[in-house]
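For reference, the structure is listed below as structure tokens.
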Amino acid sequence: MTKLRFEYRITFAYLFIGGLWILFSDELLESLVEDPYAITTFQSYKGWFYVLVTALMFFVFIKRHIEKLRRAERQAMESDRLKSAFLANVSHEIRTPMNGIMGFTELLKEHDTTLEQQMEYLTIIEQNGERMLDLINDLINISKLDSGQMKLSISEFDINEKMNLLFHFFQMQAEVKGLSLNFKPGMKDMKGTIILSDKDKISSILSNLIKNAIKYTNKGTIEFGYIQKNGELQFYVADTGIGIEQDKQKSIFDRFVQADLSLAKSYEGAGLGLAISKAYTELLGGKIWLESKCGAGSTFYFSVPYKKASGAAG
Numbered sequence: 464m465t466k467l468r469f470e471y472r473i474t475f476a477y478l479f480i481g482g483l484w485i486l487f488s489d490e491l492l493e494s495l496v497e498d499p500y501a502i503t504t505f506q507s508y509k510g511w512f513y514v515l516v517t518a519l520m521f522f523v524f525i526k527r528h529i530e531k532l533r534r535a536e537r538q539a540m541e542s543d544r545l546k547s548a549f550l551a552n553v554s555h556e557i558r559t560p561m562n563g564i565m566g567f568t569e570l571l572k573e574h575d576t577t578l579e580q581q582m583e584y585l586t587i588i589e590q591n592g593e594r595m596l597d598l599i600n601d602l603i604n605i606s607k608l609d610s611g612q613m614k615l616s617i618s619e620f621d622i623n624e625k626m627n628l629l630f631h632f633f634q635m636q637a638e639v640k641g642l643s644l645n646f647k648p649g650m651k652d653m654k655g656t657i658i659l660s661d662k663d664k665i666s667s668i669l670s671n672l673i674k675n676a677i678k679y680t681n682k683g684t685i686e687f688g689y690i691q692k693n694g695e696l697q698f699y700v701a702d703t704g705i706g707i708e709q710d711k712q713k714s715i716f717d718r719f720v721q722a723d724l725s726l727a728k729s730y731e732g733a734g735l736g737l738a739i740s741k742a743y744t745e746l747l748g749g750k751i752w753l754e755s756k757c758g759a760g761s762t763f764y765f766s767v768p769y770k771k772a773s774g775a776a777g
């Protein structure tokens, strides 16, 4: 049903109340006042009363409408500010690895470079290429999510096996920073670990959370795992990193928002991982949330429906 615009609604309200007042106020006045000469005086009061009531009504309606407009304007301005900061960060994230690739490619052309130097340069070029590819993939995924083109690909897979692969993949990255990475499976029964879901989406969510944990943790431990609870698999990634301030936790999963945009200067990344993780979790029928204290680490949780694979039932 089409909603009437504000100016039409307030006009109809004015006509409706005014019509009712004209129809019933005179009859009410005649029933209450017996002296015909006093009616004239009361008619004047009646008119002023109507003016006062309608003025108050219009004031309330218009004030509420203006507050909505102001709130929408503030949100639009904040969104524009965040988008501008985001685009500036993306521009930085593209230029930085590109400069690295071009610079070290030029160094490879030098005739006096040793084989050891060449291998070092190639490793740096490869790392910068992977960094650019991650950014491009994130931008493509955000675009697909916005356009509704992102679909689920449901299949049977072993959740413990998938998470073990992630553990071995990220273990070296954690060790380079002197961090301890631990994986705690929630189920040991082989039949129970074969589930029906989108393994790529779950893997992507966990990868984003583990990457962030490694990125924002300078010392200590990172632990990830899951538990089976109330017909769901509840995953978690806990770290001993910098933590997130309370007032920034509600918006951290929103598009174009980071816990602190100034961190983009210290840590690489465009800050799209959590927004993508939230969208994937909702696409899977679950939810994502966090518990954190500034300076005391963070724990990110997400849940998905627990569906045993048909061959594993029983």
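Quick note on numbering: the sequence shown equals residues 464 to 777 in my numbering.
Ideal Cβ placement from N, Cα and C applies to all residues, glycine included.
A distance below 8 Å separates the beta carbons of Asp-621 and Ile-657.
The residues Leu-642, Ser-643, Asp-702, Thr-703, Gly-704, Gly-760, in chain order, have a CB closer than 8 Å to that of Gly-683 in the same chain once the five nearest residues on each side in sequence are set aside. Taking a cut-off of 8 Å for Cβ pairs, the segment 586-606 and the segment 561-569 touch, as three or more such pairs fall below it. Between Glu-754 and the set Lys-771, Glu-708, Lys-654, the nearest pair of CA atoms involves Glu-708. The DSSP-derived three-state label of Pro-768 is strand.
Annotation for Gln-691: the continuous beta strand (DSSP E) segment containing it runs 684-692. Counted as a single uninterrupted DSSP element, the stretch harbouring Asn-645 is not any alpha helix (DSSP H) but the beta strand (DSSP E) occupying residues 643-647. Each of Lys-756, Thr-744, Ser-616 was checked against the Cα of Pro-768, and the nearest Cα belongs to Thr-744. For the options Ser-714, Leu-608, Lys-664, Asp-652, the alpha carbon positioned closest to that of Ile-617 is the one of Lys-664. Per DSSP, Lys-750 is one residue of the beta strand (DSSP E) stretching across 750-755. If you ignore the 5 residues before and after Cys-757, its C-beta comes within less than 6 Å of the C-beta of Gly-706, Glu-708, all in its own chain and listed in chain order. Counting along the chain, Glu-589 sits inside no beta strand (DSSP E); it lies in the alpha helix (DSSP H) bounded by residues 578-610.
Rounded to whole angstroms, the separation of the alpha carbons of Ala-535 and Leu-478 is 29 Å. Distance from the Cα of Gln-697 is smallest, within the candidate group Ile-739, Ile-673, Ser-766, Gly-655, for Ser-766. Looking at the DSSP output, Asp-702 bridges to Ile-685. If you check the CB distance, Asp-601 and Leu-735 come in under 8 Å. Taking 8 Å as the cut-off, the beta carbon of Ile-673 is found no closer than this to the beta carbon of Phe-716. Residue pairing by DSSP places Ile-658 opposite Phe-620, Lys-771 in a beta bridge. Taking every protein chain shown into account, the CB of Glu-638 has fewer than 16 other CB atoms within 10 angstroms, so this residue is exposed. DSSP, read as helix, strand or coil, puts Phe-763 in strand.
Judged by beta-carbon spacing, Leu-746 lies beyond the 8 Å limit of Met-626, meaning their Cβ atoms are not closer than that value. Taking the Cα positions, Ala-738 is about 21 Å away from Ile-685. In this structure, DSSP gives Gln-712 a state outside helix and strand, which the three-state scheme calls coil. Per DSSP, Lys-614 lies in no alpha helix (DSSP H) segment and is marked neither H nor E.
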